[in-house]
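Peer 1: Sharing a structure below in structure tokens format, with a few things to ask.
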Amino acid sequence: MRPTDKKKEMLPACGYGLLGLCCSGCLLGPCRLSPFEQESLTGLCGMNADALVAQNLLRFVQTEAAWEISRWRALIIELQTWNPPPPAQKGEARWTKKILFEKYGLSPRLPLRKAIQVLLREVRNFISPVPEGHRSFLFRFFPQKAWPSPFDDHSQPISLTQLLLNSWGRNKSESSGVEGPLQECLDLSLIVLLSQRLREDLRLLIEKKETFPGERVSTLLGGIAVPPPPFIVVLSESESLLPEPEQRQVDELLPTLDKAFPLIRLRNTGALADLGQEVSASWSLAIPDIRVVVLVTTTKVTTVLGALALGFKVTSIPPLPIHGSKEAEEFFLEGLRRKFGNTYLLSWEGDLSSKILDFLA
Ligand code: SF4
Numbered sequence: 009m010r011p012t013d014k015k016k017e018m019l020p021a022c023g024y025g026l027l028g029l030c031c032s033g034c035l036l037g038p039c040r041l042s043p044f045e046q047e048s049l050t051g052l053c054g055m056n057a058d059a060l061v062a063q064n065l066l067r068f069v070q071t072e073a074a075w076e077i078s079r080w081r082a083l084i085i086e087l088q089t090w091n092p093p094p095p096a097q098k099g100e101a102r103w104t105k106k107i108l109f110e111k112y113g114l115s116p117r118l119p120l121r122k123a124i125q126v127l128l129r130e131v132r133n134f135i136s137p138v139p140e141g142h143r144s145f146l147f148r149f150f151p152q153k154a155w156p157s158p159f160d161d162h163s164q165p166i167s168l169t170q171l172l173l174n175s176w177g178r179n180k181s182e183s184s185g186v187e188g189p190l191q192e193c194l195d196l197s198l199i200v201l202l203s204q205r206l207r208e209d210l211r212l213l214i215e216k217k218e219t220f221p222g223e224r225v226s227t228l229l230g231g232i233a234v235p236p237p238p239f240i241v242v243l244s245e246s247e248s249l250l251p252e253p254e255q256r257q258v259d260e261l262l263p264t265l266d267k268a269f270p271l272i273r274l275r276n277t278g279a280l281a282d283l284g285q286e287v288s289a290s291w292s293l294a295i296p297d298i299r300v301v302v303l304v305t306t307t308k309v310t311t312v313l314g315a316l317a318l319g320f321k322v323t324s325i326p327p328l329p330i331h332g333s334k335e336a337e338e339f340f341l342e343g344l345r346r347k348f349g350n351t352y353l354l355s356w357e358g359d360l361s362s363k364i365l366d367f368l369a
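Next up, the structure:
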């Protein structure tokens, strides 16, 4: 049944689930913790509300990360047998190739087929459970000053699969607080976001997509003065459409925001990485240093968290399911602000448009 079907629309959302307080993590559950008795209640395994909210969020992220890995399979098979088109390429295709070759440090003289093979080797490493120990591929996404790079930590795994397996393998008692699992949520989500950017770039190279890499974002930013005034980015994805009530909320919010500040609409998550690079190239600023709010309107949790991990101030419709834990909220609101200078704006209470406008004013 599609999310817009009438029947599904009328089903009430699980109140415990919205707060992050409903867990189906094992066969003993589901366990639901009342938000009014959080101090005393635990799940049957002993997890308290804070740990349960954090582990729930991590489980969402792990599922989406596994899904992202599975999406590489079809593209890799396609790339292995791909043959370049005749040399008389369209101007657009040549331009795309030039931008992407520069981005990945490939010689402009390298034939396209060879370049695809080089990138394929890197991709295999990127999704391997036992990657070889070099990290140049991912560093290319982190131009100096664009956003805080998690890869400054050299003990950090360099493959999406390795990061996911480490996260699954960690004993729950090792990560019983909220900070460890929530930091893992951010790390994994960031790599999922970069993975999406990689897939989009490869599809651009073999002309399976029609947009330009980076250029579209720079065109949009071209209308914004220097130094940059506050602006808003609305990120929605065609593959994760919102149910009607949430979409209505977005539709009512956007005209107010549009009147107050320049508004950029992005249709794919990977474009946020381009935006970070454009900000760095145009203004030599880091993402947390500019006044921008990203409104994420998608059902995918890795998109919201990936945007946060890049250093953006973020809000989302629907909201993250963290309201059941004061510690988790504190991590995303104040903890991030202290550590990276960004934050998550709560969208489930009060007037979201006033919050965004006040924040940018
Ligand atoms: S709270 Fe613990 S016991 Fe209950 S479902 Fe989750 S993991 Fe299982």
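In this text, residue positions in the sequence shown follow the working numbering: the first is 9, and each later residue adds one.
Backbone N, C-alpha and C fix where the C-beta goes; we use that ideal spot for every residue, glycine too.
1) Quick check on DSSP: helix, strand or coil for serine 244?
2) If you scan the stretch 328-357 from start to end, which runs of the alpha helix (DSSP H) of 4 or more residues do you find wholly inside it?
3) Beta carbon of threonine 310, beta carbon of leucine 201: below 8 Å?
4) Apart from the five residues on each side of it in sequence, which residues of its chain come closer than 6 Å, Cβ to Cβ, to leucine 365?
5) Using 8 Å as the threshold, is the stretch 106-114 in touch with the stretch 75-88, meaning 3 or more CB pairs across them?
6) Looking at the structure shown, is asparagine 174 part of a helix, part of a strand, or coil, going by DSSP?
7) Could you tell me if cysteine 31 is buried or exposed, where buried requires 16 or more neighbouring beta carbons within 10 angstroms of its beta carbon?
8) Mapping the DSSP letters down to three states, classify arginine 40 as helix, strand or coil.
9) Looking at C-alpha atoms only, which residue of Val301, Leu328, Ser290 is the closest neighbour of leucine 313?
10) In angstroms, rounded to a whole number, what distance separates the CA positions of phenylalanine 8 and aspartate 259?
11) Would you mind stating whether glutamate 335 and valine 186 have Cβ atoms separated by less than 8 Å?
12) Taking its Cβ as the centre, do 16 or more other Cβ atoms sit within 10 Å of phenylalanine 348, making it buried, or is it exposed?
13) Could you please go through the chain and list the residues whose beta-carbon is closer than 6 Å to any non-hydrogen atom of the ligand SF4?
14) Should leucine 344 be flagged as near chain E, meaning a C-beta pair shorter than 8 Å?
15) Any idea what DSSP makes of isoleucine 77, helix, strand or coil?
16) Leaving aside the five residues before and after isoleucine 240 along the sequence, list all residues of the same chain whose C-beta is less than 6 Å from its C-beta, in chain order.
Peer 2: Let's see:
1) DSSP places serine 244 in the strand class (E or B) of the three-state scheme.
2) If you keep only unbroken alpha helix (DSSP H) runs of at least 4 residues inside the stretch 328-357, you get 334-338, 344-348.
3) Contact flag set, yes.
4) The beta carbon of leucine 365 lies closer than 6 Å to those of Ala268 in the same chain, with the five residues before and after it left out.
5) No, the stretch 106-114 does not touch the stretch 75-88.
6) When secondary structure is reduced to three states using DSSP, asparagine 174 falls in the helix class.
7) Classification of cysteine 31: buried, given that the 10 Å Cβ count is 16 or more.
8) The answer is strand: DSSP assigns arginine 40 an E or B state.
9) Taking only the C-alpha atoms, the option nearest leucine 313 is Leu328.
10) As displayed, the chain neither begins before 9 nor continues past 369, which places residue 8 out of reach and without an answer.
11) Taking 8 Å as the cut-off, the beta carbon of glutamate 335 is found closer than this to the beta carbon of valine 186.
12) The residue in question, phenylalanine 348, is buried, as its Cβ has 16 or more Cβ neighbours within 10 Å.
13) Residues with a Cβ closer than 6 Å to any heavy atom of the ligand SF4, in chain order: Cys31, Ser32, Gly33, Cys34, Leu36, Gly37, Pro38, Cys39, Gly51, Leu52, Cys53, Met55, Leu60.
14) No chain E is present in this structure, which holds just one protein chain.
15) Reduced to three states, the DSSP call for isoleucine 77 is helix.
16) Taken in chain order, the residues that qualify are Leu265, Phe269, Leu271, Val301.
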